[in-house]
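**Student:**
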Amino acid sequence: MIALAFALASTLTAACATVRSSALPTSSLRLAPYRGAVAVSLTRDPPGGVELGRFEATTYSTVDELIPEVIERVAGLGGDFARVDEIGTRFNWVTRPVTSSYNCGSFRYPMTCTRTYMVNEEVATLRAVGRAFRVGPR
Amino acid sequence: MRLGALALAASLCGCGTTMTAHALTGRSLPAHRRAVPVFLVGQAPPSNYEEVAVVQAVGRGDHADDGHALEGLREEAASLGCDGVLAARVDVGSTQVAAVGVAVRWVAGPPPGAARAPWSQPPTPPSPTTAPPAVGVRSPWAATAP
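Protein sequence lines correspond, in order, to chains A and B.
48 is the number of the first residue of the first sequence in the numbering used here; add one for each residue after it.
10 is the number of the first residue of the second sequence in the numbering used here; add one for each residue after it.
1) Does any CB atom of chain B fall closer than 9 Å to the CB of P80(A)?
2) In or out: Y81(A) buried (at least 16 other Cβ within 10 Å) or exposed?
3) Distance cutoff 9 Å, beta carbons only. Does E103(A) sit that close to anything in chain B?
4) What beta strand (DSSP E) runs, 3 residues minimum, are completely inside the stretch 57 to 123 of chain A?
5) Check the Cβ of P54(B) against every Cβ in chain A and list those closer than 7 Å, keeping chain order.
6) Any contact between the stretch 151 to 162 of chain A and the stretch 117 to 124 of chain A? By contact I mean 3 or more CB pairs, one from each, below 8 Å.
7) Return no unless some Cβ of chain A is closer than 9 Å to the Cβ of E80(B).
8) Determine, using beta carbons only, whether R137(A) comes closer than 9 Å to chain B.
9) P115(A): which of M28(B), T29(B) and T34(B) sits nearest, CA to CA?
10) Under 9 Å between C-beta atoms, does V131(A) make it to chain B?
11) Should D132(A) be labelled buried (16 or more other beta-carbon atoms within 10 Å of its own) or exposed?
12) Quick check: what's the CA-CA separation for P184(A) versus V45(B)?
13) Please confirm if V141(A) has its CB atom under 9 Å from at least one CB of chain B.
14) What number of angstroms, rounded off, separates the C-alpha of A104(A) from the C-alpha of D71(B)?
15) Between E119(A) and chain B, is the shortest Cβ-Cβ distance under 9 Å, so that the two count as touching?
16) Can you list, in chain order, the residues of its chain whose CB lies under 6 Å from that of S69(A), leaving out five sequence neighbours each side?
17) Output yes if chain A places a C-beta closer than 9 Å to the C-beta of G68(B); else output no.
18) Compute the beta-carbon to beta-carbon distance between V99(B) and V110(A), rounded to the nearest angstrom, for a pair I have assumed lies under 8 Å.
19) For Y164(A), which residues does DSSP report across the bridge?
20) Anything in chain A within Cβ reach of A96(B), meaning under 9 Å, just list it in chain order.
21) Per DSSP, which residues does R174(A) bridge with? Please list them.
22) Are L82(B) and V101(B) touching if we call contact CB-CB under 9 Å?
23) Considering Cα atoms alone, identify which of A171(A), I134(A) and V87(A) is closest to S103(B).
24) Quick one: does V109(B) have its CB under 9 Å from some CB of chain A?
25) Please list, in chain order, all residues of the same chain as T163(A) whose beta carbon is under 6 Å from its beta carbon, the five residues on each side excluded.
26) Taking only beta-carbon atoms, is D71(B) less than 9 Å away from chain A?
27) State the Cα-Cα distance for the pair G177(A) and E98(A), rounded to the nearest angstrom.
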């Protein structure tokens with residue numbers, strides 16, 4: 048029962064998540080997830096660091112949600128340094144249905160009706176790709 | 010005359026917004042009003058700096074242009090006490106323009122050429138309510154004056 052509730056909660060969380068990410072180990076070195084603070088740089092490789100893997104993260108939200116996701120991915124690879132190689136925004140047009148309700152009855156017989164119509168929106172996706180490094184002792 | 014009134018009304022209406030956000034990667038300092046140069050991607054960055062935050066700005070409506078987006082980056086960097094923005098990138102959509110960059114602090118004085126960098130106009134005074142948050146605290150969107 049607890050497992051079922053956990054699975055349901057995970058599914059709901061995933062469905063509502065605005066940040067998506069993935070990570071891929073590229074080194075034969077396998078480390079346990081790192082528990083300390085992960086440094087982040089967008090301009091410099093770490094001196095003397097060992098590259099552990101690569102990551103990608105995208106969000107419909109803002110950079111303050113993207114970077115914590117990057118940190119989580121890097122820590123999951125055992126890294127303590129996230130080197131973001133590229134970060135930028137892509138724009139896409141999407142069509143989505145919008146449902147609204149309105150009063151459609153009479154004074155004596157009030158009713159509420161709903162209508163659905165399509166709207167076009169330009170959606171911005173912020174994306175970061177980079178590499179995970181381990182700089183400190185292993 | 011009528012056209013001028015319409016233009017004035019349109020400008021007063023403020024049909025544009027610039028939203029800014031940041032994610033701290035270093036230690037921020039109190040906001041300042043100094044000029045904040047912005048170095049675009051591909052421009053040789055100075056070497057003596059320390060990264061403080063990833064900054065982002067999105068201009069919509071009348072603000073959907075490079076100038077407002079880069080101004081948003083500059084204001085966000087200044088609100089964090091930063092001296093410059095490096096590796097700034099501007100992406101242009103149909104209805105909005107987004108910019109992202111790295112807010113930095115000079116470690117040993119401003120680098121040569123910083124004063125000549127593009128987009129190096131002084132920032133507008135930051136709002137007194139935009140005190141920099143503590144390290145690690147996420148910030149919500151902060152809309153600048155429309």
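No residue lacks a Cβ here, since even glycine has one placed at the ideal position from N, Cα and C.
**Tutor:** Inspection of the coordinates gives the following:
1) no
2) buried
3) no
4) 66 to 72, 86 to 88 and 97 to 106
5) T90
6) no
7) no
8) yes
9) T34(B)
10) yes
11) exposed
12) 37 Å
13) no
14) 30 Å
15) no
16) E103
17) no
18) In fact, because the Cβ distance is near 15 Å, the residues do not count as touching under 8 Å.
19) V145(A)
20) L89, T90 and I134
21) T105(A) and G135(A)
22) no
23) A171(A)
24) yes
25) P144 and T146
26) no
27) 11 Å
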